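Below is one structure, written out as structure tokens; the observations come after it.
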Amino acid sequence: MSQRRVGASGLLVSPTGLGCNNFGRAGTVTETLDGTREVIDAAIANGITLLDTADMYGAIAGTSETLMGEALEGRRDRVILATKFGHERDMGYDFPAGRGSRRYVRRAVEESLRRLRTDWIDLYQLHLPDQETPIAETTDALDELVREGKIRYYGHSNFSGWQIAEAEFVSRQRSTGRFISAQNHYSLLARAAEREVLPAVERYGLGFFPFFPLHNGLLTGKFTREGGPSGSRIMSSRRHVWEDAPWAALEDFQRFCDERGITMLQAAFGWLLANPLVSSVIAGATSAAQVEANAEAGTAWTPDASDLRVIDALFPLPEDPGARV
Ligand SMILES: NC(=O)c1ccc[n+]([C@@H]2O[C@H](COP(=O)([O-])OP(=O)(O)OC[C@H]3O[C@@H](n4cnc5c(N)ncnc54)[C@H](OP(=O)(O)O)[C@@H]3O)[C@@H](O)[C@H]2O)c1
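First residue of the sequence shown? That's 1 in the UniProt record's numbering, and the numbers climb one at a time after it.
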């Protein structure tokens, strides 16, 4: 698989990545070490290099990283490890400090390094903006980690457009290091990032990682308005995703895919990767077969301009009520 550069940085990642929030998730095959190992084995065998996790993922916070550390024993060098810190979920740190503060960052990185059984993290991401801590304190702490070799690069997640701009300008003003990437909710069925986030990502030369790129699995083509696989995440724990789905548009989209001889999964990947701002599609997976299909989908189809116009008409960016005068 050819690699993509993350924004203006020197970090290279595979176009299909692996989202790792299923590892250690209760009720899934990947709840266990064997299930996790099977998915990671398939990812590596199919050319996926980027694994994206977070300290808080897992039925018990930290389990995703712990299982990954075990599954990657002896082959750490073969992957790019991205993880996150600073979610609101309680990580059991009993000190008063903002999630982006120097104290929190230093504690969190040590815990992640230990669980992942590695000396370094390739991409360390602030999971949610921290309104309490000045962004300069966070970037200073992250720069320290870069100098110490504990992380290679840092990125953010769930930042709004103005927060991306603020972080960039504070880094420029102070001549410090900078965030190289943004990770936000984005898929054919969730295009709000196109309003403020993607323009900021482009302007400041960041790489972009869309999360929920398959809309929890809805865009894989395995669901219809009649239902879907009973063991799937959507049917077992996120039924509202299926209940609220725009079925008329999805059925038209399935016909669009059939006419082109591609699967909905390939179309969902192809549409995301047609955007040069997208560094990697970090799709989650619960089996080796899914990973294999996702790796293949990352290179299967590239939409042309007329395909993109049809897709825009099927899944338009909803009107922004705040923009009305
Ligand atoms: N930064 C943030 O705040 C944030 C938030 C959420 C997620 N994320 C990141 O984004 C990643 C991806 O999100 P996600 O995994 O929650 O959602 P997703 O990628 O939209 O959907 C993944 C789910 O779709 C199904 N699936 C995937 N490939 C398939 C295939 N080829 N065939 C059939 N079904 C398939 C699987 O579920 P079933 O087998 O159960 O159907 C899988 O768990 C996460 O792992 C995480 O790294 C970040």
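Heads up, the beta-carbon is just placed ideally off N, CA and C, and yes, glycines get one too. These numbers come from a predicted model, not from an experiment.
Close-in-space but distant-in-sequence residues of the same chain around residue i (CB under 6 Å, 5 per side omitted)
| i | result |
| --- | --- |
| Gly298 | Pro15, Thr16 and Phe269 |
| Arg178 | Ser171 |
| Leu253 | A small correction: the amino acid at residue 253 is Phe; Leu does not occupy that position in the sequence shown. Excluding sequence neighbours, Phe253 sits near Leu314. |
| Glu38 | Ala288 |
| Leu317 | Arg191 and Glu194 |
| Ile48 | Ser14, Thr16, Leu18 and Ala295 |
| Ala71 | Thr36, Arg37 and Ile40 |
| Gly104 | Residue 104 is actually Tyr in this sequence, not Gly. Correct list, in chain order: Ala97. |
Closest Cα partner of residue i within the set the options
| i | options | result |
| --- | --- | --- |
| Tyr93 | Met56, Leu206 and Glu70 | Met56 |
| Leu116 | Gly155, Gln290, Val79 and Pro321 | Val79 |
| Ala295 | Pro303, Ser306 and Ile282 | Ile282 |
| Tyr124 | Glu110, Ala42 and Glu132 | Glu110 |
| Ile151 | Lys84, Asp252 and Trp120 | Trp120 |
| Ser187 | Tyr204, Glu168, Glu251 and Phe212 | Phe212 |
| Arg89 | Ala274, Ala108 and Phe256 | Ala108 |
| Ala61 | Ala26, Arg76 and Leu51 | Ala26 |
| Arg76 | Phe85, Gly86, Lys84 and Glu65 | Glu65 |
| Pro210 | Phe159, Gly231, Arg239 and Ala249 | Phe159 |
| Gly207 | His215, Lys222 and Asn184 | Asn184 |
| Ala323 | Glu196, Gly10 and Leu51 | Glu196 |
| Asn21 | Ala42, Gly10, Leu51 and Thr220 | Leu51 |
| Glu73 | Thr118, Arg99, Lys84 and Thr32 | Thr118 |
| Arg309 | Ala54, Phe256, His156 and Arg99 | Phe256 |
| Tyr154 | Ser306, Gly10, Leu67 and Ser2 | Gly10 |
| Gln290 | Leu67, Ala42, Glu31 and Arg4 | Ala42 |
| Met68 | Met91, Gly100 and Glu31 | Glu31 |
| Leu189 | Thr176, Ser175, Asn216 and Arg102 | Asn216 |
Same chain, Cβ closer than 7 Å to residue i, neighbours up to 5 away in sequence not counted
| i | result |
| --- | --- |
| Val29 | Gly35, Thr286 and Ser287 |
| Val278 | Phe208, Pro210 and Leu272 |
Secondary structure of residue i, DSSP reduced to three states
| i | result |
| --- | --- |
| Val79 | coil |
| Ile151 | strand |
| Val6 | coil |
| His127 | coil |
| Ile121 | strand |
| Gly205 | coil |
| Thr138 | helix |
| Ile234 | helix |
| Ala61 | coil |
| Leu51 | strand |
Residue i versus residue j - alpha carbon distance
| i | j | result |
| --- | --- | --- |
| Ser237 | Thr63 | 19 Å |
| Ala182 | Trp247 | 30 Å |
| Glu194 | Leu218 | 20 Å |
| Ala293 | Phe95 | 44 Å |
| Arg260 | Trp271 | 14 Å |
| Ile311 | Leu145 | 42 Å |
| Val201 | Ile164 | 8 Å |
| Arg225 | Ala267 | 19 Å |
| Ala141 | Ile135 | 10 Å |
| Ala8 | Asp304 | 25 Å |
| Phe85 | Gly161 | 20 Å |
Residues near residue i in its chain [Cβ-Cβ closer than 8 Å; skip 5 each side]
| i | result |
| --- | --- |
| Leu273 | Pro15, Val281, Gly298 and Thr302 |
| Leu265 | Leu214, Leu219, Thr220, Gly221, Ala293, Asn294 and Ala297 |
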